[in-house]
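Participant: Those sequence lines, one after another, are chains A and B.
For the first sequence, the numbering used here assigns the number 1 to the initial residue and increments by one for each residue that follows.
For the second sequence, the numbering used here assigns the number 1001 to the initial residue and increments by one for each residue that follows.
Just so you know, even glycine gets a beta-carbon here, dropped at the ideal spot from N, CA and C.
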Amino acid sequence: MKMITGWSLIRLYTILIYIFMFMPIVAVIILSFNPQQFGSFPMEGFSFRWYVKLAQNQTILGAFKNSLILGSLTSICVTAIGIPAAMAFVRYDFPGKNTLNTLLLTPIMIPEVVLGVALLLFIRWLQQPKSFLLLLIGHVVLTLPYVLLVVQARLVGIKRVYEEAALTLGANPFQVFREIVLPLLAPAILAGMLFSFTISFDDVTATLFWATAQNQTVPVKIFGMLRNSISPEINALGTVMIILTVSTPLLAGYISRRFAQAS
Amino acid sequence: MKAKSWKPWALLAPSLTSVLLLLVIPVCFVIVYSFWLRAPTGADIPAFQFGNYAKFFEDFFYSSILLRTFRVCFETVALCLVMGYIPAYFFFRTESKHKSIMLLLIMLPFWISFIIRTLSWINILGDTGLFNFLLMKFGIIIDPLAMLYNEGSVLMGLIQFLLPFMILNIYVSLDGIDRSLLEAARSLGCTEWQAFKEVTLPLSLPGVSAGCLLVFVLTAGTYLPPMILGGPGNELIANLIFKRVIGTLDWPFGSAISVILLSLLMVIIFTYNRYLGINQIFKSFNKG
Chain A
1 MKMITGWSLI RLYTILIYIF MFMPIVAVII LSFNPQQFGS FPMEGFSFRW YVKLAQNQTI
61 LGAFKNSLIL GSLTSICVTA IGIPAAMAFV RYDFPGKNTL NTLLLTPIMI PEVVLGVALL
121 LFIRWLQQPK SFLLLLIGHV VLTLPYVLLV VQARLVGIKR VYEEAALTLG ANPFQVFREI
181 VLPLLAPAIL AGMLFSFTIS FDDVTATLFW ATAQNQTVPV KIFGMLRNSI SPEINALGTV
241 MIILTVSTPL LAGYISRRFA QAS
Chain B
1001 MKAKSWKPWA LLAPSLTSVL LLLVIPVCFV IVYSFWLRAP TGADIPAFQF GNYAKFFEDF
1061 FYSSILLRTF RVCFETVALC LVMGYIPAYF FFRTESKHKS IMLLLIMLPF WISFIIRTLS
1121 WINILGDTGL FNFLLMKFGI IIDPLAMLYN EGSVLMGLIQ FLLPFMILNI YVSLDGIDRS
1181 LLEAARSLGC TEWQAFKEVT LPLSLPGVSA GCLLVFVLTA GTYLPPMILG GPGNELIANL
1241 IFKRVIGTLD WPFGSAISVI LLSLLMVIIF TYNRYLGINQ IFKSFNKG
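1) As a quick exercise: from A:84, A:51, A:16, pick the residue whose alpha carbon is nearest that of residue 182 (chain A).
2) Restricting to runs no shorter than 4 residues, where is the alpha helix (DSSP H) found entirely within the region 153-219 of chain A?
3) Please look up how many angstroms separate the CB atoms of residue 32 (chain A) and residue 235 (chain A), rounded, as I've assumed it's under 8 Å.
4) Taking 8 Å as the CB-CB cut-off, is residue 43 (chain A) touching chain B?
5) Based on Cα-Cα distance, which residue from B:1123, B:1035, B:1090 lies nearest to residue 233 (chain A)?
6) Quick check: what's the CA-CA separation for residue 158 (chain A) versus residue 185 (chain A)?
7) What's the call for residue 1028 (chain B), buried or exposed, on a 16-neighbour Cβ count within 10 Å?
8) Whole angstroms are fine: how far does the CA of residue 26 (chain A) sit from the CA of residue 1158 (chain B)?
9) Buried or exposed for residue 16 (chain A), please, with buried defined as at least 16 other CB atoms from any protein chain shown within 10 angstroms of its CB.
10) Can you name the residues of chain A whose CB is closer than 7 Å to the CB of residue 1155 (chain B)?
11) Starting from the C-beta of residue 1151 (chain B), find all residues in its chain whose C-beta is less than 6 Å away, skip the five residues before and the five after it, and write them out in chain order.
12) Could you tell me whether any Cβ in chain B is nearer than 8 Å to the Cβ of residue 11 (chain A)?
13) Sorted by chain position, which residues of the same chain lie with C-beta nearer than 6 Å to residue 107 (chain A)'s C-beta, five sequence neighbours on each side aside?
14) Assuming residue 176 (chain A) contacts residue 1224 (chain B) under a Cβ cut-off of 8 Å, what Cβ separation, rounded to an integer in Å, is found between them?
15) What's the gap between the Cα of residue 131 (chain A) and the Cα of residue 215 (chain A)?
16) Checking contacts by CB at 8 Å: is residue 1002 (chain B) closer than that to chain A?
17) Using the Cα positions of residue 1114 (chain B) and residue 1219 (chain B), report the straight-line distance between them to the nearest angstrom.
18) Can you pull the chain A neighbours of residue 1109 (chain B), defined as C-beta to C-beta under 7 Å?
19) Are the Cβ atoms of residue 1163 (chain B) and residue 21 (chain A) separated by less than 8 Å?
20) Would you tell me roughly how many angstroms separate the C-alpha atoms of residue 1011 (chain B) and residue 80 (chain A), rounded to the nearest one?
21) From this set, B:1045, B:1231, B:1271, B:1267, which residue's C-alpha is nearest residue 1155 (chain B)'s C-alpha?
22) With a cut-off of 8 Å, does the C-beta of residue 17 (chain A) fall near any C-beta of chain B?
23) Ignore the nearest five residues each way along the sequence and tell me which others in residue 1062 (chain B)'s own chain have a CB closer than 6 Å to its CB.
24) For residue 1267 (chain B), which of B:1245, B:1188, B:1216 has the nearest alpha-carbon?
25) Sort out for me which residues DSSP pairs residue 1038 (chain B) with in a bridge.
26) Could you check whether residue 1261 (chain B) and residue 1237 (chain B) sit closer than 8 Å to each other, using their CB atoms as the reference points?
27) Say whether chain A places a C-beta atom closer than 8 Å to the C-beta of residue 1019 (chain B).
28) Per DSSP, what kind of secondary structure is residue 1146 (chain B) in: helix, strand or coil?
29) At which residues does the alpha helix (DSSP H) containing residue 1015 (chain B) begin and terminate?
30) Rounding to the nearest angstrom, what Cα-Cα distance links residue 1095 (chain B) and residue 13 (chain A) in this structure?
31) Near residue 242 (chain A), what residues of its chain come up, given a Cβ to Cβ distance below 8 Å and the 5 sequence neighbours on each side ignored?
32) Any beta-carbon of chain B closer than 8 Å to the one on residue 1 (chain A)?
33) Would you be able to state if there are at least three C-beta pairs under 8 Å between the region 1167-1184 of chain B and the region 1242-1250 of chain B?
34) Buried or exposed: where does residue 139 (chain A) fall if 16 or more other Cβ atoms within 10 Å of its Cβ makes it buried?
35) Give the secondary structure of residue 92 (chain A) by DSSP, where H, G and I count as helix, E and B as strand, and everything else as coil.
36) For residue 1113 (chain B), report the span of its alpha helix (DSSP H) as first-last.
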């Protein structure tokens, strides 16, 4: 009997933690439909007013475009350089392997503020203006360690025997890459791209150092809007972001599972 | 395989070059700049002097921000540990069919924009937020309580951001425990609580320490929660760096503060790595 009460306390505690984690997020979604000027509790009515206003806000739409372009380019670049590196770590033995792996992963541990200052100082020394390119290379450095971690974990599962079998059966190295390696690698590439896209799309601190008025991203824009006060429009924008960023990985997971079943 | 020893290096070259050029060299620049002087005109003068460091440690205004940062780090770690261990243990012991969905839910906030998650607390803690609304509705208070823009609200934002890291680190460690050890302890006459205390808890400590380090390091560099949820007295070291560099364009001093922050973190990380090994931390990311 004692065991049961102990376990139910643990369960209750866990439920409370879930409430703590999700209560603020749920509040954002609920309040985004509040038609009042100062969108707060209690709810008085239900309207899409703030979404309509959002859709007409040209600066936010512009920021969305910037964020999408930046996130897509970041994910392409970082996967292109990250996948080969991950392959080197998983497939080969070479001197200094562990040290190099740690070196490439350390940016996770370096505060973004320091990364922001460092890259900006470097650009200033080179006498280059802040530009979109600065944001792009900054985001590549920022996301590279995460891509390496995620992709390495997936690559470990790909056995070399498949490639060896194909080579033995007379395939040339190009065919082996196209027919064997690439399809097996596809989930890792997808995971890496998705992860880096989300981190890039979401980043605020370092981006605040690097962004100019012309190439603001959505989080930077929200940060600027918050200086005045929290408006229901921000809650509406938040809801759109939540739906976008949560549905993307779920959708990708669903698609890759469907692919796995089909093949 | 010897003949192909250049191959891994060719594969690594793009990543290594980027990190070297865009991270290692820029950080070296920060270190060099931290010794420079700033002219009254605002120009940076190359020099080698410790004035920026002296200024930081002599002026209590600056050093108190560093002390506050450490205090907030310890508070966040302690709260995340208290709030995170039991859910991690729950995931370890539950036999529910929905375990994978519950784990996915705990990781879901990773996918939600950090700035949205942070500002969402304004809707809860603000003067017209959920808590004040409920307290006033039930007549417990008449005027709204000031719950926002203090250290407590900053901690709320930090915990909501960092708790999943703590839970995952502890869970990964718990999940690696050989369950037959628990059965052995039970069959040898241990009570449930003794089995936990003697077997589960000690074996979960690597995850606990990895989670604590990660939460500490991420808190130390935090910029957004104090900006959005804190008041004028809740600035942390990252806010000071941003203000010096972007606000007053004082590059040498801003660089010196960055070096101080970075070196303190490096000391902590290297000490940790020396005694406990850093790889445990990276393990939890793969679960995520």
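Facilitator: Looking at the atomic coordinates:
1) For the purposes of this step, residue 182 (chain A) is taken as residue 182 along the first sequence, with counting starting at 1. The shortest Cα separation from residue 182 (chain A) among A:84, A:51, A:16 belongs to A:84.
2) 161-168, 173-176, 182-202, 205-210
3) On the first sequence, residue 32 (chain A) is found 32 positions in, with the first residue counted as 1. On the first sequence, residue 235 (chain A) is found 235 positions in, with the first residue counted as 1. About 4 Å; that satisfies the 8 Å criterion.
4) Looking up residue 43 (chain A) in the first sequence gives position 43. No, its Cβ sits nowhere closer than 8 Å to a Cβ of chain B.
5) Sequence index remark: in the first sequence, residue 233 (chain A) carries index 233 (1-based). For the residues B:1123, B:1035, B:1090, the minimum Cα distance to residue 233 (chain A) belongs to B:1123.
6) The sequence position of residue 158 (chain A) within the first sequence is 158, counting from 1. The sequence position of residue 185 (chain A) within the first sequence is 185, counting from 1. Going from the Cα of residue 158 (chain A) to the Cα of residue 185 (chain A) covers about 8 Å.
7) Position 28 of the second sequence, counted from the start, is the residue given in the question as residue 1028 (chain B). Label assigned to residue 1028 (chain B): exposed.
8) Residue numbering aside, residue 1158 (chain B) sits at position 158 when the second sequence is read from its first letter. Residue numbering aside, residue 26 (chain A) sits at position 26 when the first sequence is read from its first letter. Residue 1158 (chain B) and residue 26 (chain A): Cα-Cα distance of roughly 18 Å.
9) By one-based count along the first sequence, residue 16 (chain A) stands at place 16. By the neighbour-count rule (16 or more Cβ atoms within 10 Å), residue 16 (chain A) is not buried but exposed.
10) Position 155 of the second sequence holds residue 1155 (chain B). Residues of chain A passing the Cβ test: none, with the nearest at roughly 12 Å.
11) Working through the second sequence from its first residue, we reach residue 1151 (chain B) at position 151. The answer, listed in chain order, is 1234.
12) Position 11 of the first sequence, counted from the first residue, corresponds to residue 11 (chain A). Chain B contact via Cβ: present.
13) Working through the first sequence from its first residue, we reach residue 107 (chain A) at position 107. Correct list, in chain order: 145.
14) For the purposes of this step, residue 176 (chain A) is taken as the residue at position 176 of the first sequence. For the purposes of this step, residue 1224 (chain B) is taken as the residue at position 224 of the second sequence. Actually they are not in contact, since the Cβ atoms of residue 176 (chain A) and residue 1224 (chain B) sit about 47 Å apart, beyond 8 Å.
15) By one-based count along the first sequence, residue 131 (chain A) stands at place 131. By one-based count along the first sequence, residue 215 (chain A) stands at place 215. Approximately 8 Å, taken between the alpha carbons.
16) Taking the first residue of the second sequence as 1, we reach residue 1002 (chain B) at position 2. Low confidence applies to residue 1002 (chain B): its pLDDT is 49, below 50, so where it sits in the model is not reliable, and the reading given next is rough at best. Output row for residue 1002 (chain B): interface = no.
17) Within the second sequence, residue 1114 (chain B) is the residue found at index 114, counting from 1. Within the second sequence, residue 1219 (chain B) is the residue found at index 219, counting from 1. Their Cα atoms are separated by approximately 14 Å.
18) Within the second sequence, numbered from 1, the residue matching residue 1109 (chain B) stands at position 109. What residue 1109 (chain B) touches in chain A: 21.
19) Translated into positions along the second sequence, residue 1163 (chain B) becomes position 163. Translated into positions along the first sequence, residue 21 (chain A) becomes position 21. Result yes, Cβ atoms of residue 1163 (chain B) and residue 21 (chain A) sit closer than 8 Å.
20) For the purposes of this step, residue 1011 (chain B) is taken as residue 11 along the second sequence, with counting starting at 1. For the purposes of this step, residue 80 (chain A) is taken as residue 80 along the first sequence, with counting starting at 1. Cα to Cα, residue 1011 (chain B) sits roughly 11 Å from residue 80 (chain A).
21) Counting from one through the second sequence, the residue named residue 1155 (chain B) turns up at place 155. Minimum Cα distance to residue 1155 (chain B) is reached at B:1231.
22) In the first sequence, counting from the first residue as 1, residue 17 (chain A) sits at position 17. Output row for residue 17 (chain A): interface = yes.
23) The sequence position of residue 1062 (chain B) within the second sequence is 62, counting from 1. Excluding residues within five positions, the ones whose Cβ falls inside 6 Å are 1056.
24) Numbered from 1 along the second sequence, position 267 holds the residue referred to as residue 1267 (chain B). The option with the nearest alpha carbon to residue 1267 (chain B) is B:1216.
25) Residue mapping note: residue 1038 (chain B) aligns to position 38 of the second sequence, counting from 1. Bridge partners of residue 1038 (chain B): B:1044.
26) Here the question's residue 1237 (chain B) lines up with position 237 in the second sequence. Here the question's residue 1261 (chain B) lines up with position 261 in the second sequence. Contact: yes.
27) Here residue 1019 (chain B) corresponds to residue number 19 of the second sequence, with the count starting at 1. True, the Cβ-Cβ gap to chain A drops below 8 Å.
28) The residue you call residue 1146 (chain B) lines up with position 146 of the second sequence. DSSP places residue 1146 (chain B) in coil when its eight states are reduced to three.
29) Walking along the second sequence from the start, residue 1015 (chain B) turns up at place 15. Residues 1007-1019.
30) Here residue 1095 (chain B) corresponds to residue number 95 of the second sequence, with the count starting at 1. Here residue 13 (chain A) corresponds to residue number 13 of the first sequence, with the count starting at 1. Computed Cα separation, rounded: 17 Å.
31) By one-based count along the first sequence, residue 242 (chain A) stands at place 242. Excluding sequence neighbours, residue 242 (chain A) sits near 25, 28, 29.
32) Taking the first sequence and counting its residues from 1, one reaches residue 1 (chain A) at position 1. Residue placement at residue 1 (chain A) is flagged as unreliable, the pLDDT there being 46, under the threshold of 50; the coordinate-derived value follows with that caveat. Not one chain B Cβ lies under 8 Å of residue 1 (chain A).
33) no
34) Residue 139 (chain A) sits at position 139 when you count from the first residue of the first sequence. Its Cβ being crowded by 16 or more others within 10 Å, residue 139 (chain A) is buried.
35) Your numbering for residue 92 (chain A) matches position 92 in the first sequence. Of the three classes helix, strand and coil, the one that applies to residue 92 (chain A) here is coil, per DSSP.
36) Residue mapping note: residue 1113 (chain B) aligns to position 113 of the second sequence, counting from 1. Run containing residue 1113 (chain B): none; DSSP gives neither H nor E here.
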